[in-house]
Amino acid sequence: MSKIALTITSAQVAKDLMVEEYGIGEDLAFNFFGWRENRLSLVAQLRNEYMQVPVLERIPRCQALCNALRVAWAIDAVSLVAEGFETLDKTKLKGKDLRQAFADGKNIVRECITVTHCEINEVNGNIQTTIATVPYSYEIGRSIEWGETTGYTRNLDEVMKTAPVPKMLRDALSLAPTNEYSDDEMDAMIRAMHVDGFNVEEF
Numbered sequence: 005m006s007k008i009a010l011t012i013t014s015a016q017v018a019k020d021l022m023v024e025e026y027g028i029g030e031d032l033a034f035n036f037f038g039w040r041e042n043r044l045s046l047v048a049q050l051r052n053e054y055m056q057v058p059v060l061e062r063i064p065r066c067q068a069l070c071n072a073l074r075v076a077w078a079i080d081a082v083s084l085v086a087e088g089f090e091t092l093d094k095t096k097l098k099g100k101d102l103r104q105a106f107a108d109g110k111n112i113v114r115e116c117i118t119v120t121h122c123e124i125n126e127v128n129g130n131i132q133t134t135i136a137t138v139p140y141s142y143e144i145g146r147s148i149e150w151g152e153t154t155g156y157t158r159n160l161d162e163v164m165k166t167a168p169v170p171k172m173l174r175d176a177l178s179l180a181p182t183n184e185y186s187d188d189e190m191d192a193m194i195r196a197m198h199v200d201g202f203n204v205e206e207f
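The sequence shown runs contiguously to residue 207 in the numbering used here.
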């Protein structure tokens, strides 16, 4: 949970700064946090020009990134921070998706920061998925009011078995890592990630 807490805190700080500087309407880009042996190994952010395309069209680009993090950096956990929507009462959606219901402005759906976290269990080797959300609302004076964090773990891997984002992270962690890359090859991969639309920072 400490990994998720760190990603949420960093997202909140980034969102606060963006709203303070630019006002309402600036959404966070996809941010991937790659972990290895409980230490943050690498962070990659999808650049804004690639955030303008539909989510499903971003998946192949993001899948390639996550695969590289697993194979070359041997990460054993990955967290994706993104903007999202949530509701506490699905019955009120009346068949609409969350974005449509939010646009109706009836306070059924609220905006949130979402963290999708997948991690290899060090005991049994299984991959466990956790999703955490933090709702927010815009306040007067270019500020944000944050709500309470909610986390979901139980049965998520079954309930969201085909959901594209958790599946992308699980598929990456299912690959076998390799230690055969030289420093020069690792640097070349980071440059390739940049060309593919990501700003990357190693730790």
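Cβ coordinates follow ideal geometry from the N, Cα and C atoms, glycine included.
Here the structure is a predicted model, which is why all the values come from computation and not from measurement.
{"Asked": "Alpha-carbon spacing of Ser14 relative to Ala86, whole angstroms", "Found": "12 Å"}
{"Asked": "Exposed unless 16 or more other CB atoms sit within 10 angstroms - verdict on Ala9", "Found": "exposed"}
{"Asked": "Pair within 7 Å by beta-carbon distance, Leu50 and Ala33", "Found": "yes"}
{"Asked": "For Val17, the first and last residue of its enclosing beta strand (DSSP E)", "Found": "Val17 -> not in any beta strand (DSSP E); alpha helix (DSSP H) instead, spanning 6-26."}
{"Asked": "CB contact flag (Thr134, His121, <7 Å)", "Found": "yes"}
{"Asked": "Helix, strand or coil at Arg114 [DSSP, three-state]", "Found": "strand"}
{"Asked": "Classification of Thr154 by the beta-carbon crowding that lies within 10 angstroms, buried from 16 upward", "Found": "exposed"}
{"Asked": "Assigned secondary structure, Ala86 (DSSP; H/G/I helix, E/B strand, else coil)", "Found": "strand"}
{"Asked": "Supposed contact pair Phe202 and Leu44 - C-beta distance, whole angstroms, cut 8 Å", "Found": "No, Leu44 and Phe202 are not in contact; Cβ-Cβ is about 16 Å, not under 8 Å."}
{"Asked": "Those residues which DSSP pairs with Phe189 across a bridge", "Found": "Here residue 189 is Glu; the residue named in the question, Phe, does not match the sequence. Glu189 pairs with nothing; no bridge assigned."}
{"Asked": "Beta-bridge pairing of Ser70 - partner residues as DSSP gives them", "Found": "Here residue 70 is Cys; the residue named in the question, Ser, does not match the sequence. DSSP lists no partner for Cys70."}
{"Asked": "Unbroken stretches of the beta strand (DSSP E), 3 residues or longer, contained in the region 122-146", "Found": "131-143"}
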